[in-house]
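In the numbering used here, the protein residues as written are 1 to 773. For glycine and all other residues, C-beta sits at the position ideal for the given N, C-alpha and C. Written below as structure tokens is the structure these notes are about.
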């Protein structure tokens with residue numbers, strides 16, 4: 001092999017750069033080899049050509065135009081948004097005015113440097129477009145020449161843009177969406193200032209005067225009302241609007257239909273009372289309110305369908321009030337906006353256990369947002385603070401949540417910790433022994449935060465007596481980084497070392513367990529509350545990274561990532577096994593070649609295509625997350641503080657699906673005999689994605705439950721980590737159980753999945769380590 005050497009006469013001179021303008025430098029064979037001796041991969045130049053450029057131009061066009069009208073119905077998907085442009089194009093004249101409004105909004109954004117914010121329920125462009133369309137609809141029957149009509153539309157669009165920007169700016173720090181207030185306020189003012197044009201335009205649209213006698217009549221008026229929000233009240237336009245919403249989200253469409261029906265029933269009921277109420281022109285408010293509160297701002301579910309019905313009925317009531325008070329605003333989306341704001345404001349005051357949860361991912365399809373948030377709420381908790389046990393060693397939950405003695409009413413979320421009594425092998429205790437007391441045990445911070453207040457001088461009580469004048473005794477209140485305040489009470493007199501303003505982390509020493517305050521026996525009281533002062537309303541929380549235990553230290557323990565232990569349960573904080581921790585946190589990036597061996601008959605979803613090996617690329621990002629990926633899917637895992645945990649698996653790769661089923665989580669404290677339960681992080685993929693995600697919010701058990709038992713752990717001298725995982729409610733589409741083996745550096749090296757009529761075994765043939773990032 002030829003090599004390039006410097007001239008011996010000039011060992012310190014810099015090499016001359018080649019003149020690439022006049023000649024081509026030919027790489028030597030050494031240049032084509034990587035540092036490990038393998039041939040470097042070929043780097044292809046970016047694709048070019050007329051087809052590629054045309055695709056890019058179409059993507060830019062759709063990306064600009066699609067969300068502009070899609071946000072009218074809370075949809076930011078650009079391709080779905082094109083259907084709304086087709087709906088408004090049923091009246092070509094109005095489509096031209098929509099383009100005028102789009103140009104005005106795009107110009108205003110470019111001039112002022114304003115960007116639309118996703119998830120606000122209506123953007124600047126949609127407000128300007130609808131205002132321009134409203135102006136075009138109102139001026140259509142007038143004698144104004146086309147240029148004057150266009151000028152009026154442009155002016156109205158500009159005003160709507162400014163109003164929408166002001167509303168968006170004022171609500172940026174609030175929890176309320178901006179919606180279509182810019183359009184509604186501007187168009188309502190325009191209709192009030194020009195009543196003649198409004199009256200002439202209304203006379204040409206009398207579709208809402210038809211009687212509704214058959215199911216066909218109701219269906220026809222339903223689709224007409226969908227198009228009426230964009231001044232296109234035809235069946236064809238309404239069908240396109242309904243199709244667009246249905247393609248985007250089945251849950252959103254169902255919630256909208258429920259809201260529309262509830263609003264229609266309320267409207268006909270109001271008419272039967274003798275009141276004059278033309279509810280059909282305002283019926284789009286019922287659909288939008290039901291859709292927004294039943295599946296967009298609130299996560300979809302059975303309870304949210306009831307909320308959608310209330311939203312539709314409430315929008316109907318708002319519409320009849322507007323018709324009586326401000327007729328010019330009655331048929332604009334003001335009723336839906338008022339209903340959404342009132343509902344979101346009310347839900348903000350509701351308790352967290354009512355079943356209505358705000359959507360934290362409005363940029364996702366509602367079903368997928370529900371899947372992700374509900375999955376993690378069942379797995380780890382929904383925004384509850386996570387605390388660790390503040391006392392080392394085995395403790396008993398003497399009184400838990402909703403305890404019979406003092407954990408009631410606004411103080412129901414609290415735990416009392418003490419040492420379990422020493423007894424015989426059967427767990428029964430003849431009498432409490434001094435060795436079983438928690439008196440004097442070190443109490444540490446259960447979470448990170450800032451010490452808010454302390455009490456230190458309350459005397460300890462004799463056994464069996466209480467100090468009801470000082471219920472909390474000596475205590476430490478910590479303002480948590482996670483939100484809320486943690487209160488630890490009944491410390492021993494003068495043992496508290498924490499001081500207000502002091503920063504504490506998990507495990508920081510606070511003081512010694514005592515018997516002060518309302519405490520007949522030494523114990524530690526733990527709660528999370530909504531205010532800094534002792535006695536404030538408590539909040540739900542979970543204990544993290546603990547396991548069940550007995551006084552005898554039975555090896556057959558259960559590990560919990562985050563849970564609320566029941567009353568009289570005996571638990572202990574988990575301590576990592578150094579060998580297990582080193583193995584799981586030391587999984588290296590690289591590429592692994594797997595082979596698959598099928599025995600018997602297995603479901604088609606777990607059959608590999610062809611007989612070639614499966615090549616997985618394992619990469620590590622700067623956040624410490626492992627990405628296992630191939631052409632058809634990926635798996636994302638994280639070495640968290642308590643366990644190695646699979647975050648999600650996307651795609652239709654049998655090997656990755658089985659790995660997510662076999663080891664959704666592995667605690668660092670794992671030992672032979674330990675078991676734990678978890679949810680498999682499998683997001684539906686392939687042909688089953690639509691039905692699985694569409695019906696998941698309304699099912700009682702939409703997730704796959706697993707139970708894992710650790711059968712072997714590594715030692716400092718070597719060995720593997722072996723797991724056996726059973727799949728609950730598996731049916732025929734999933735394996736009954738999966739066995740998995742983890743090795744050092746390489747991670748998972750063997751998987752065996754057993755089905756009802758067969759099995760499949762995956763084995764790592766080779767592993768090539770790569771760079772850290």
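Pick out whichever of 336, 59, 537 has its Cα sitting closest to the Cα of residue 181. The residue with the shortest Cα to Cα distance from residue 181 is 336.
Measure the C-alpha to C-alpha separation of residue 485 and residue 535 and round it to an integer number of angstroms. Distance between the alpha carbons of residue 485 and residue 535 is about 11 angstroms.
Run through the DSSP bridge pairs and tell me what residue 563 is partnered with. 543
Shortest alpha-carbon distance to residue 623 belongs to which of 629, 616, 617, 638? 638
The region 403-423 touching the region 582-600, judged by at least three CB pairs closer than 8 angstroms: no
Grouping DSSP H, G and I as helix and E and B as strand, with all else coil, what is residue 322? helix
Short check: CB of residue 291 to CB of residue 259, under 8 angstroms? In contact: residue 291 and residue 259 (Cβ atoms closer than 8 angstroms).
If we count the other Cβ atoms within 10 Å of its Cβ and call it buried at 16 or more, is residue 491 buried or exposed? buried
Distance between residue 71 and residue 776 (C-alpha atoms, nearest Å): Past the edges of the chain, shown from 1 to 773, lies residue 776, and the structure says nothing about it.
Compute the distance between the beta-carbons of residue 438 and residue 525, then report whether it is under 8 angstroms. no
Given 8 angstroms, three or more beta-carbon pairs between the region 677-685 and the region 614-629: no
Along the chain, where does the alpha helix (DSSP H) containing residue 700 start, and where does it finish? Element bounds for residue 700: n/a, residue is neither H nor E.
Return the CA-CA distance between residue 27 and residue 590, expressed in angstroms with no decimal places. Because residue 27 carries a pLDDT of 44, less than 50, the predicted location of this residue cannot be relied on, and the following value inherits that uncertainty. Rounded to the nearest angstrom, the two C-alpha atoms are 27 angstroms apart.
Nearest-angstrom Cα distance between residue 131 and residue 145? 19 angstroms
Alpha carbons only, please: which of 236, 161, 186, 628 is nearest the one belonging to residue 91? 236
Between residue 771 and the rest of its own chain, which residues show a CB-CB distance below 8 angstroms, the 5 nearest in sequence each way excluded? Once the five neighbours on either side are set aside, the close Cβ partners of residue 771 are 589.
Of the listed residues 748, 214, 210, 666, nearest to residue 593 (C-alpha basis): 748
What does the alpha-carbon distance come out to for the pair residue 213 and residue 252? Straight through space, the alpha carbons of residue 252 and residue 213 are spaced by roughly 27 angstroms.
Distance, residue 288 Cα to residue 666 Cα: One C-alpha to the other measures close to 44 angstroms.
Taking the Cβ atom as the reference point for each residue, do residue 382 and residue 298 lie within a distance shorter than 8 angstroms? no
Among all the DSSP beta bridges, which residues are the ones paired with residue 527? 414, 487
Can you tell me which of the three DSSP states residue 419 falls into? coil
Would you mind stating whether residue 200 and residue 141 have Cβ atoms separated by less than 8 angstroms? yes
Whole angstroms are fine: how far does the CA of residue 614 sit from the CA of residue 753? 16 angstroms
Residue range of the alpha helix (DSSP H) that includes residue 399: Unbroken run through residue 399 is the beta strand (DSSP E), 394-399; no alpha helix (DSSP H).
Who are the Cβ neighbours of residue 222 in its own chain at under 6 angstroms, not counting the five residues just before and after it? none
Status (buried if at least 16 other CB within 10 Å, exposed otherwise) for residue 509: exposed
Secondary structure at residue 126, three-state DSSP: helix, strand or coil? helix
Segments of 4+ residues assigned as alpha helix (DSSP H) that fall wholly inside the region 577-611: Within the region 577-611, the complete alpha helix (DSSP H) runs of at least 4 residues are 578-585.
State buried or exposed for residue 356, treating a residue as buried only when at least 16 other CB atoms are found within 10 Å of its CB. buried
Contact check, residue 720 vs residue 671, beta carbons under 8 angstroms: no
Secondary structure at residue 572, three-state DSSP: helix, strand or coil? Residue 572 falls in the strand class under three-state DSSP.
Whole angstroms are fine: how far does the CA of residue 370 sit from the CA of residue 363? Rounded to whole angstroms, the gap between the alpha carbons of residue 363 and residue 370 is 12 angstroms.
Residues sharing a beta bridge with residue 359, DSSP: Answer by DSSP bridge pairing: none, since residue 359 is not bridged.
Below 6 angstroms CB to CB, which residues in the same chain sit around residue 528 once its five sequence neighbours on both sides are set aside? Once the five neighbours on either side are set aside, the close Cβ partners of residue 528 are 385, 484, 486, 539, 541.
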